[in-house]
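Here's the structure we're looking at; comments come further down.
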């Protein structure tokens, strides 16, 4: 039985991970659950899965969770410090990091330092501090198992292959709800339109990132650190059907691809059960129904966030950290109606230009760059509205 902690258990990835756990009784033991502020769902999950500990990051919700779980054996904690501490518990073997955004960095770092294997769904951890996290992973000799469907696909395609035989990684993108539109047509789109992803069911933040192509830029960064591949050897193609989840091109010209229905439970289950493949009742690809599989180049002039991500990767240092901070502010502002869809790119670019560059950041530099990036981005949101 694999003993797991799920960080962000009330979000899209976390709830689907618990579905995987429930479908395989006796295979997994849920030791820790954490949530940002959804106290009611956290309590419901705790009563059902009986973890050793739960953490509600929003400290104002602590009393509500504690009182609801009174009379059970579940320990209740609150706050960001507690999230970073529970991952080090001796009864935890594998930590599924499904928190959203920058908040996932610190608990992931603490889990790695404690020698815990990581099932990584929080791509921002490697976007913000890929060099630092990679160094810690090597130092503490832990496994990092990708949960993103694209990186899980590459991980599966690389099984049994030698690194010197790999020529290129090819990440697929659905194109989101606005594929084929011009930049002028995107100026007035609403959050409701952007949240209607044609293939995937995801949380609001990652859905907006998918619509703007920032998510794909983040995934290129993540692939660079996960697989030790230079950025210039990581490509992106738009594949609207979302059946081919990503591909690996080899030095002999052959290509391996991993295919499956667009269901996040599949890569979640693969990471939690690795190296075993376990049965599931997930849907199967029916080639008689899905028809053609098509591929096209991404429109990087219209969806500028992808280019901004590449620019940050090429610069290195704290640039990806600033990019992520500005993007988190931009997405929140867009969802709140304080910034237009196309204005997000302008806001991010201005923030990247304004924050001081640090070529070899330590952890405290990442923290400072994140804070400065958010401050600058908030200022620019006000400018865009005036």
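Numbering (our numbering), first residue to last: 126 to 511. Glycine residues also receive a C-beta, built at the ideal position from the N, C-alpha and C atoms. Bear in mind that the values here come from a model prediction, so they are computed numbers and not experimental data.
- In the three-state reduction of the DSSP assignment, residue 211 falls in the helix class, which pools H, G and I.
- Take the alpha-carbon of residue 231 and the one of residue 417: they are about 43 Å apart.
- Between residue 236 and residue 212, the gap from beta carbon to beta carbon is short of 7 Å.
- A direct Cα-Cα distance of roughly 17 Å separates residue 317 from residue 468.
- A contact is defined here as three or more CB-CB pairs under 8 Å, and the region 394–414 fails this definition with respect to the region 323–331.
- Runs of the beta strand (DSSP E) lying entirely within the region 163–201, each at least 3 residues long, are 178–181 in chain order.
- For the 7 Å CB-CB criterion, residue 464 and residue 509 form a contact.
- Remark: C-beta atoms of residue 191 and residue 201 approach each other more closely than 7 Å.
- Counting of Cβ neighbours within 10 angstroms places residue 370 among the buried residues, the total reaching 16 or more.
- Counting along the chain, residue 271 sits inside the beta strand (DSSP E) bounded by residues 269–271.
- Residue 184 and residue 141 have their alpha carbons spaced roughly 25 Å apart.
- For residue 158, the number of other beta carbons within 10 angstroms of its own is at least 16, and it is reported as buried.
- Shortest Cα-Cα distance from residue 384 to any of 448, 421, 279, 314 involves 279.
- Below 8 Å, too few C-beta pairs join the region 372–383 and the region 246–261 to call them touching: fewer than three.
- Approximately 16 Å separates the beta-carbon atoms of residue 330 and residue 498; this is outside 8 Å, ruling out the contact.
- Pairing residue 176 with residue 156 gives a Cβ-Cβ distance under 7 Å.
- Beyond the five residues adjoining it in sequence on each side, residue 220 comes within less than 6 Å, by CB distance, of 130, 212, 236, 241, 243 in the same chain, given in chain order.
- With fewer than 16 neighbouring CB atoms inside 10 Å of its own CB, residue 206 falls in the exposed class.
- Contact between the region 338–351 and the region 422–433 is established, with three or more Cβ pairs separated by less than 8 Å.
- For residue 420, there is no enclosing beta strand (DSSP E), since its DSSP letter is neither H nor E.
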